[in-house]
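K.L.:
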């Protein structure tokens with residue numbers, strides 16, 4: 028999952044503006060929701076922000092709107108965008124996640140690249156995007172599909188001492204595509220059934236929304252007696268990010284066994 032930017036809203040709504048009132052109400056709920064999600068007490072959040080517990084309480088009850096610099100600090104603590112914090116209802120999961128569906132994904136070829144680094148998602152997706160351009164793939168397929176998944180073979184020392192993680196990025200390529208451009212590994216994913224959930228605006232809270240999507244799928248599989256399955260030449264799970272009507276979405280796929288009925292062949296969405 029690529030990094031995200033904190034976007035500062037330059038037009039702050041006034042208290043006598045109706046939209047401002049709605050945002051103000053949503054802001055107090057959002058602060059309370061995000062605090063509880065992080066398992067902070069009001070006093071603990073107050074200590075992080077160098078304010079009193081009473082101040083946090085007044086923010087959450089919408090008696091007072093926090094100053095802009097305090098809101099920016101909260102975004103760092105809660106790992107969310109400022110625009111989302113003040114404008115969206117972050118406590119409404121029904122607006123974030125789709126229902127889970129079963130999809131049968133047709134076989135496909137891909138060019139992949141793995142990176143172990145402090146920010147492997149951005150690094151590997153950036154690399155594979157450049158490769159797609161240099162190899163001529165984007166001339167044939169302007170709308171190249173990029174997917175990715177965690178690379179688990181990272182030692183505890185690499186993780187704990189150096190903050191390193193692994194990620195694989197891949198671009199889907201046509202069966203007849205050929206290139207001499209080096210630097211990738213070509214893989215084939217066989218026909219397979221996947222449980223799929225869609226996340227709306229995953230990078231508003233990437234460390235909450237994306238892991239929770241995996242959790243929701245696993246709960247769904249357990250409730251319906253499906254089994255997560257690992258099989259050669261089939262990716263066990265992957266993520267596909269795309270933009271539609273200026274909104275960013277991410278589809279999370281987990282390979283499943285025991286499926287008796289799935290949607291017809293599909294290529295992601």
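Numbering (our numbering), first residue to last: 28 to 296. Where a beta carbon is used, it is the ideal one built from N, C-alpha and C, also for glycine.
Would you report the Cα separation of residue 192 and residue 90, rounded to the nearest angstrom?
P.N.:
Sequence index remark: in the chain shown, residue 192 carries index 165 (1-based). Sequence index remark: in the chain shown, residue 90 carries index 63 (1-based). Cα to Cα, residue 192 sits roughly 42 Å from residue 90.
K.L.:
Say whether the stretch 89-103 touches the stretch 215-227, bearing in mind that this needs 3 or more beta-carbon pairs closer than 8 Å, one atom from each stretch.
P.N.:
Touching, no, given that fewer than three Cβ pairs across the two stretches are closer than 8 Å.
K.L.:
Go ahead and label residue 44 buried or exposed: buried means 16 or more other beta carbons lie within 10 angstroms of its beta carbon, across all protein chains shown.
P.N.:
Numbered from its first residue, the chain shown carries residue 44 at position 17. Model confidence at residue 44 stands at a pLDDT of 40, short of 50, so the residue's coordinates are unreliable; what they give is reported in the following sentence. The residue in question, residue 44, is exposed, as its Cβ has fewer than 16 Cβ neighbours within 10 Å.
K.L.:
Return the chain-ordered list of same chain residues with a C-beta closer than 8 Å to the C-beta of residue 116, the five sequence neighbours on each side being excluded.
P.N.:
Your numbering for residue 116 matches position 89 in the chain shown. 53, 56, 57 and 122, listed in sequence order.
K.L.:
Suppose you measure from the CA of residue 51 to the CA of residue 92; what does that come to, to the nearest Å?
P.N.:
The residue you call residue 51 lines up with position 24 of the chain shown. The residue you call residue 92 lines up with position 65 of the chain shown. Unreliable placement is indicated for residue 51, whose pLDDT of 40 sits below 50; no coordinate value is reported for it.
K.L.:
Between residue 282 and residue 111, what straight-line distance do the alpha-carbon atoms span, to the nearest angstrom?
P.N.:
For the purposes of this step, residue 282 is taken as residue 255 along the chain shown, with counting starting at 1. For the purposes of this step, residue 111 is taken as residue 84 along the chain shown, with counting starting at 1. If you take the alpha carbons of residue 282 and residue 111, they lie about 32 Å apart.
K.L.:
Assuming the contact rule is C-beta atoms closer than 8 Å, residue 211 and residue 140 should be a hit. Round their C-beta distance to whole Å, please.
P.N.:
Taking the first residue of the chain shown as 1, we reach residue 211 at position 184. Taking the first residue of the chain shown as 1, we reach residue 140 at position 113. So it is a contact: roughly 5 Å between Cβ atoms.
K.L.:
If we require 3 or more residues per run, which beta strand (DSSP E) segments fall completely within the stretch 84-150?
P.N.:
Counting only runs of 3 or more, we get 128-132 and 135-144.
K.L.:
If you reduce the DSSP assignment to three classes, tell me which class residue 191 lands in.
P.N.:
For the purposes of this step, residue 191 is taken as the residue at position 164 of the chain shown. Residue state, collapsed to three classes: coil.
K.L.:
What does the Cβ neighbour count give for residue 190, buried or exposed, with the cut at 16 atoms within 10 Å?
P.N.:
Against the chain shown, residue 190 aligns to sequence position 163. When all chains shown are included, residue 190 counts as exposed.
K.L.:
Per DSSP, what kind of secondary structure is residue 237 in: helix, strand or coil?
P.N.:
Here residue 237 is taken as the residue at index 210 of the chain shown, counted from 1. Reduced to three states, the DSSP call for residue 237 is helix.
K.L.:
Which one of 69, 107, 102 and 169 has the shortest CA to CA distance from residue 232?
P.N.:
Taking the chain shown and counting its residues from 1, the one referred to as residue 232 is at position 205. Checked all of 69, 107, 102 and 169; the closest Cα to residue 232 is 107.
K.L.:
From residue 242 to residue 236, what does the alpha carbon distance come to, in whole angstroms?
P.N.:
Position 215 of the chain shown, counted from the start, is the residue given in the question as residue 242. Position 209 of the chain shown, counted from the start, is the residue given in the question as residue 236. Cα to Cα, residue 242 sits roughly 10 Å from residue 236.
K.L.:
With distances taken from CA atoms, which of 85, 156, 239 and 234 is nearest residue 138?
P.N.:
Taking the first residue of the chain shown as position 1, residue 138 is located at position 111. Of the listed residues, the one whose Cα sits closest to residue 138 is 156.
K.L.:
Could you tell me whether the stretch 126-133 touches the stretch 162-180, using the rule of 3 or more Cβ pairs below 8 Å?
P.N.:
No, the stretch 126-133 does not touch the stretch 162-180.
K.L.:
In three-state terms, what does DSSP make of residue 65?
P.N.:
The residue labelled residue 65 in the question sits at position 38 within the chain shown. Here residue 65 sits in coil by DSSP.
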